[in-house]
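Visitor:
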Amino acid sequence: MELLEEITSYVDEELKDQNICCRMKKLIIDDYVIRNEYMIQKCIKDLLRTRFSCCKSPAGLDKKIFLYISQNINN
Amino acid sequence: MRAITNTLNDKELQQRYAEFEKEAVPHLDAVYNFALRMTGDEDDADDLVQETYLKAFRFFDKFEKGTNCKAWLFRILKNSFINDYRKTTKEPNKVDYDDVQNFYENIKADEVETQHYEEDAFANLLDDEISKAISELPEDFRTVVILSDIEGFTYEEIADFVDIPVGTVRSRLHRARKMLYVQLFDYAKDKGFVKKKNSSKKSD
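Sequences listed follow chains A and B, in order. With the numbering used here, letter number 13 in the first sequence gets 19, and the count goes up by one each step, no holes. With the numbering used here, letter number 115 in the second sequence gets 198, and the count goes up by one each step, no holes.
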């Protein structure tokens, strides 16, 4: 399990040790289970990043917030 | 708690408004996005964001200038969600991690073509279907996947404001993506976006 979770760190570029990164790259090429895990983690990460990163807040929400603050500041 | 207007004079209050607007408002889209993903409802998200910004304004003197304001706002939002909203919000059906494990262990080399990952089998899914899959994740898993994959926070930042070890962030993220994969795979399969290789072999 630990190794499979390391793949998650690899996908997120959270592995600081270059030796471990190289080992991961090799495992992804050589080992079907690791490659499968890598593909799943990367697929979902890319999907969420590309489809949901730019959601806008409703127009006028900033004004509504400042009105709400002024009305409730002393409550 | 003492009222802000009793502790700040008019000039100081105006200064706080100006600084708050400069620091906190630029993160409004991200904060709203996070609230929407947490509550799964536009009106609840709207209320949660207003409550978050009110609390942030009240305690703005506690915010250390030059540090990550977005992370600070997210932490306030998450605490507000836990304290005020989670009790009243109707939670959608949740994905059971045991089901995910069973599914995952049953993915065989000859059942799903790996090229589907590369060709993005989920590209034809609607945003609503992906949103639904996210909302069905258990809250702890939903939080980390939103913070990491949608908002782009590092493991350390997530660990800091969710108040869990970095290893737990990684573990939850790992599981959350697998749960999402299972949900989306089912949607994609139902719509015919994912074909099974040797599907006749399954009945053997």
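C-beta: ideal position from N, C-alpha, C; glycine also. The structure displayed is predicted, hence computed values, not measured ones.
Whole angstroms are fine: how far does the CA of glutamate 102 of chain B sit from the CA of lysine 213 of chain B?
Guide: For the purposes of this step, residue 213 of chain B is taken as residue 130 along the second sequence, with counting starting at 1. For the purposes of this step, residue 102 of chain B is taken as residue 19 along the second sequence, with counting starting at 1. Looking at the sequence shown, residue 213 of chain B is not lysine but isoleucine. Cα to Cα, the separation comes out at about 37 Å.
Visitor: Does serine 15 of chain A have its Cβ less than 8 Å from a Cβ in chain B?
Guide: Looking up residue 15 of chain A in the first sequence gives position 9. Yes, serine 15 of chain A lies at the interface with chain B (some Cβ there is under 8 Å from its Cβ).
Visitor: What's the call for lysine 105 of chain B, buried or exposed, on a 16-neighbour Cβ count within 10 Å?
Guide: Position 22 of the second sequence, counting from 1, holds the residue named residue 105 of chain B. Exposed is the call here.
Visitor: I'd like to know whether the C-beta of aspartate 112 of chain B is nearer than 8 Å to at least one C-beta of chain A.
Guide: To locate residue 112 of chain B, count along the second sequence from 1; it is residue 29. Judged by the 8 Å Cβ criterion, aspartate 112 of chain B is in contact with chain A.
Visitor: Mind listing, in chain order, the continuous beta strand (DSSP E) runs of no fewer than 3 residues lying wholly within the segment 114 to 173 of chain B?
Guide: Taking only runs of at least 3 residues, no beta strand (DSSP E) segment lies wholly in the segment 114 to 173 of chain B.
Visitor: Go ahead and pull the three-state DSSP assignment for isoleucine 217 of chain B.
Guide: Here residue 217 of chain B is taken as the residue at index 134 of the second sequence, counted from 1. Residue state, collapsed to three classes: helix.
Visitor: Quick one: measure Cβ to Cβ for leucine 111 of chain B and aspartate 68 of chain A, integer angstroms, because I've assumed they're closer than 8 Å.
Guide: On the second sequence, residue 111 of chain B is found 28 positions in, with the first residue counted as 1. On the first sequence, residue 68 of chain A is found 62 positions in, with the first residue counted as 1. The pair is a contact, with the Cβ atoms about 6 Å apart (cut-off 8 Å).
Visitor: Hey, how far is the Cα of asparagine 162 of chain B from the Cα of leucine 156 of chain B?
Guide: Position 79 of the second sequence, counted from the first residue, corresponds to residue 162 of chain B. Position 73 of the second sequence, counted from the first residue, corresponds to residue 156 of chain B. About 10 Å.
Visitor: Could you say which of A/Lys48, A/Pro64 and A/Tyr44 lies nearest to aspartate 127 of chain B if we only look at CA atoms?
Guide: Locating residue 127 of chain B in the second sequence gives position 44, counting from the first residue. Checked all of A/Lys48, A/Pro64 and A/Tyr44; the closest Cα to aspartate 127 of chain B is A/Pro64.
Visitor: When DSSP labels each residue in this structure, what does asparagine 42 of chain A get in the three-state scheme?
Guide: Numbered from its first residue, the first sequence carries residue 42 of chain A at position 36. Reduced to three states, the DSSP call for asparagine 42 of chain A is helix.
Visitor: So, using beta-carbon positions, are tyrosine 74 of chain A and glutamine 133 of chain B closer together than 8 Å?
Guide: Taking the first sequence and counting its residues from 1, the one referred to as residue 74 of chain A is at position 68. Taking the second sequence and counting its residues from 1, the one referred to as residue 133 of chain B is at position 50. Cβ atoms of tyrosine 74 of chain A and glutamine 133 of chain B: closer than 8 Å.
Visitor: Note down, in chain order, every chain A residue with its Cβ under 9 Å from the Cβ of tyrosine 264 of chain B.
Guide: Along the second sequence, read from residue 1 onward, the residue named residue 264 of chain B stands at position 181. By Cβ distance, chain A contributes Ile46, Gln47, Cys49 and Ile50.
Visitor: Along the alpha helix (DSSP H) that carries serine 15 of chain A, what are the first and last residues, could you check?
Guide: Taking the first sequence and counting its residues from 1, the one referred to as residue 15 of chain A is at position 9. Per DSSP, serine 15 of chain A belongs to the alpha helix (DSSP H) from 8 to 17.
Visitor: Tell me which residue opens and which closes the alpha helix (DSSP H) that aspartate 246 of chain B is part of.
Guide: Counted from its first residue, the second sequence places residue 246 of chain B at position 163. From DSSP, aspartate 246 of chain B is part of no alpha helix (DSSP H); its letter is neither H nor E.
Visitor: Does arginine 55 of chain A have its Cβ less than 8 Å from a Cβ in chain B?
Guide: Translated into positions along the first sequence, residue 55 of chain A becomes position 49. Chain B contact via Cβ: present.
Visitor: Shortest alpha-carbon distance to phenylalanine 117 of chain B belongs to which of B/Gly250, B/Ala271, B/Asp243 and B/Gly235?
Guide: On the second sequence, position 34 is the one that residue 117 of chain B refers to. Out of B/Gly250, B/Ala271, B/Asp243 and B/Gly235, B/Gly235 has the C-alpha closest to the C-alpha of phenylalanine 117 of chain B.
Visitor: CB-CB under 7 Å to lysine 153 of chain B, same chain, minus the five flanking residues each way: which ones, in chain order?
Guide: By 1-based counting over the second sequence, the position of residue 153 of chain B is 70. For lysine 153 of chain B, where only same-chain residues beyond five positions count, the Cβ hits under 7 Å are His110 and Ala113.
Visitor: When the cut-off is 8 Å and only beta carbons count, does aspartate 193 of chain B lie next to chain A?
Guide: Position 110 of the second sequence, counted from the start, is the residue given in the question as residue 193 of chain B. Caution is warranted here: a pLDDT of 44 is assigned to aspartate 193 of chain B, below 50, making its placement in the model unreliable, and the coordinate value is therefore given only provisionally. Cβ-Cβ to chain A under 8 Å: no for aspartate 193 of chain B.
Visitor: Any beta-carbon of chain B closer than 8 Å to the one on leucine 21 of chain A?
Guide: Counting from 1 along the first sequence, the entry for residue 21 of chain A is found at position 15. False, the Cβ-Cβ gap to chain B never drops below 8 Å.
Visitor: Relative to chain A, which residues along the segment 129 to 142 of chain B have a C-beta separation below 8 Å, given in chain order?
Guide: Under the 8 Å Cβ criterion, the segment 129 to 142 of chain B contributes Asp129, Val132, Gln133, Tyr136, Leu137, Phe140 and Arg141.
Visitor: Assuming alanine 259 of chain B and leucine 208 of chain B form a contact by the criterion Cβ under 8 Å, report the distance between their Cβ atoms to the nearest whole angstrom.
Guide: Translated into positions along the second sequence, residue 259 of chain B becomes position 176. Translated into positions along the second sequence, residue 208 of chain B becomes position 125. Contact doesn't hold; Cβ gap of about 17 Å is too wide.
Visitor: Could you list which residues in chain A have their beta carbon closer than 7 Å to that of arginine 253 of chain B, in chain order?
Guide: Position 170 of the second sequence holds residue 253 of chain B. Neighbours of arginine 253 of chain B on chain A, chain order: Glu11, Thr14 and Ser15.
Visitor: In whole angstroms, what separates the C-alpha of alanine 107 of chain B from that of phenylalanine 143 of chain B?
Guide: Residue numbering aside, residue 107 of chain B sits at position 24 when the second sequence is read from its first letter. Residue numbering aside, residue 143 of chain B sits at position 60 when the second sequence is read from its first letter. Distance between the alpha carbons of alanine 107 of chain B and phenylalanine 143 of chain B: 10 Å.
Visitor: So with Cβ pairs under 8 Å, would you call leucine 67 of chain A a contact of chain B?
Guide: What you label residue 67 of chain A is simply residue 61 of the first sequence in a count that begins at 1. For leucine 67 of chain A, the answer is yes, since a Cβ of chain B falls inside 8 Å of its Cβ.
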